[in-house]
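In what follows, a single structure is set out as structure tokens and then discussed.
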Ligand SMILES: Cc1cc2nc3c(=O)[nH]c(=O)nc-3n(C[C@H](O)[C@H](O)[C@H](O)COP(=O)(O)OP(=O)(O)OC[C@H]3O[C@@H](n4cnc5c(N)ncnc54)[C@H](O)[C@@H]3O)c2cc1C
């Protein structure tokens, strides 16, 4: 039975970015999607700075910026009145991009060479020592080397694996609705603002395009309703009236959904040849706008590793680093969203805590700590060694190279690792690593830096040969590199 090398189940943002990464590395990917057509609906409306950076590493940021509805200079924590200041962070992209999830998905899907198999759900699978056999809802049987479940919070792949999804059930329920409104008194600013909770009720309204608005609310009425209870115009009107009385006239609802603060995480992201990524691996309350961003970064971490495994150049242990690196990152997001959730409870004592927390957020160090966390810029993977860059994202430095001026992000667009040498280091030839010699940078205290395809620094020193082989396999395109050192 012939088939793709990797099967990705689910074309949310996670599955799409993963599939583009695999294709960029020359891997044959089949993407399965349960829905027969795009819905055009968007849960998320933002991209955080680290997502902007990773899209920039692949030349995907410009089209995203072209379609952005807003650029916000910061983020928020629990809707507190003091914003998280991204302008103080060290990045080329110190802003949050306001863009509907559906547009991000379209831009990513446009990059795919092989069309998505829509209306074709993953229904079952088995795995053995050599691969995975997937049965689809439309009666096909596919054989691949690996399978990745990017099939959302109710992941079939996760359930079929039997992977425990540890955490807690919901305590709070909210509604998101995209509506048409008449705002006769001009109460809703045309420019996007960060959500700030209002003492008269937690309803938030944001302008979209063409007279459409996003309304999010979580009042007393919403608690205890069944998740599938229909969302009526009257329910939305009552929520709007809490804050705006009758100043906003609701004309109609184009899409509405109930969501909640369930907080759960898969205990294992890898089970043999099967992986979980994005919401399939973790779900949490969408406070601060982090979930989609977390999924993109899961995909970016896994893509190049899986491609190396398919090509037979992955060193021992490389695939396991996906769980080891990404599980703690999501655990931290689950913790910060639970903390934000507590800060939004309608309770007098919580109001006192919010006031105190807002004072703390006004302190630059506190603000920066949380801004780096919510933006994803503080992502740090454990790596041996004590250089401060190890495991962290490589800064997008301007570089003077023999080929002319450039910058790190522009050198990484082909998806390969990058070895930057500044001193006398002799770079080893390896087809999976691009060698670039650059003028020493005052911002970097190193002779040579090895940067993984996901933009994280994995080695700093002066003799890169052993590190290149340990991370990316020996120079020859030989299959099986076990025993060459593990990353
Ligand atoms: C109201 C709300 C607002 C949010 N706002 C934000 C925000 O502002 N910022 C942010 O970062 N995050 C936000 N999130 C979270 C964000 O939307 C999710 O984290 C994101 O959609 C996860 O992407 P994903 O690709 O992992 O999964 P999904 O987007 O859920 O995609 C999974 C895909 O898999 C498909 N699928 C399911 N089962 C199968 C199967 N068996 N076979 C094949 N395909 C299958 C589904 O049809 C779907 O297309 C919000 C969430 C909610 C509910």
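Residue numbers (my numbering): 704 to 1190.
We put the beta carbon where it would ideally sit given N, CA and C, even for glycine.
- DSSP places residue 868 within a strand segment (E or B) once states are collapsed to three.
- As DSSP reads the structure, residue 979 sits in a beta bridge with 852.
- Annotation for residue 824 indicates a beta carbon within 6 Å of some heavy atom of ligand 1.
- The C-alpha of residue 1133 lies about 7 Å from the C-alpha of residue 1177.
- According to the DSSP assignment, residue 968 belongs to the beta strand (DSSP E) that extends over 966-969.
- For residue 868, the closest of 888, 969, 813 by C-alpha to C-alpha distance is 969.
- With a minimum length of 3 residues, the unbroken runs of beta strand (DSSP E) contained wholly in the segment 900-944 fall at 906-910, 915-920.
- With respect to residue 789, residue 776 sits close: the two C-beta atoms are nearer than 7 Å.
- The secondary-structure analysis by DSSP pairs residue 1019 with nothing; it has no beta-bridge partner.
- If you look at residue 886, you'll find it in the beta strand (DSSP E) that goes 876-886.
- In the structure shown, residue 749 adopts extended strand secondary structure according to DSSP, grouped into three states.
- Listed in chain order, the alpha helix (DSSP H) elements of length 4 or more contained wholly in the segment 709-794 are 716-727, 752-760, 764-769.
- In this structure, DSSP gives residue 1069 a helical state, which the three-state scheme calls helix.
- In the pairwise beta carbon analysis, the segment 871-882 is classified as not touching the segment 709-716: fewer than three pairs are separated by under 8 Å.
- Restricting attention to 719, 978, 757, the CA atom closest to the CA of residue 814 is found in 719.
- Here residue 1089 carries a coil assignment [DSSP, helix/strand/coil].
- Classified as exposed, residue 1104 has fewer than 16 neighbouring CB atoms from the shown chains inside 10 Å of its CB.
- Residue environment for residue 890: exposed (fewer than 16 other C-beta atoms within 10 angstroms of its C-beta).
- Non-local beta-carbon contacts of residue 1040 in its own chain, meaning distances under 6 Å to residues more than five positions away in sequence, involve 987, 988, 990 in chain order.
- Distance between residue 1079 and residue 779, taken at the CA atoms: about 13 Å.
- Residue burial is scored here from C-beta neighbours: residue 818 has fewer than 16 other C-beta atoms within 10 angstroms and is therefore classed as exposed.
- Distances from the CB of residue 819 to the heavy atoms of ligand 1 are all 6 Å or more.
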